[in-house]
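Below: one structure, written as C-alpha cells.
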Amino acid sequence: MGSTTASNAAYTPDEMMAAVAARELRDGEVVFVGIG
Numbered sequence: 384m385g386s387t388t389a390s391n392a393a394y395t396p397d398e399m400m401a402a403v404a405a406r407e408l409r410d411g412e413v414v415f416v417g418i419g
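Everything in the sequence shown is counted per the working numbering, starting at 384 for the first residue and increasing by one.
This is the structure we're talking about:
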C-alpha cells in the first residue's frame, strides 16, 4: 500500500480532526462540537 501525503490526501483537515477526536469517545459518551 502507498502512503498518503498532504498533497494527495483524500480527506480535509477538518475531517481528519473529527476522526481523531471521535476515537477518544467511549460507548455512551456524548459530545457537541461546533466549528466557526
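Just so it is clear, CB atoms sit at the ideal spot from N, CA and C, and this is done for glycine as well. In this text the structure is predicted, and so the values were computed from the model without any measurement.
For ALA404 versus VAL413, is the C-beta distance shorter than 9 Å?
-> What you label residue 404 is simply residue 21 of the sequence shown in a count that begins at 1. What you label residue 413 is simply residue 30 of the sequence shown in a count that begins at 1. Taking 9 Å as the Cβ cut-off, ALA404 and VAL413 do not qualify as a contacting pair.
Less than 9 Å separating the beta-carbons of ALA392 and MET399?
-> Translated into the one-based positions of the sequence shown, residue 392 becomes position 9. Translated into the one-based positions of the sequence shown, residue 399 becomes position 16. In contact: ALA392 and MET399 (Cβ atoms closer than 9 Å).
Could you check where the alpha helix (DSSP H) with VAL403 kicks off and where it finishes?
-> The residue given as residue 403 occupies position 20 in the sequence shown. Start and end: 396-406.
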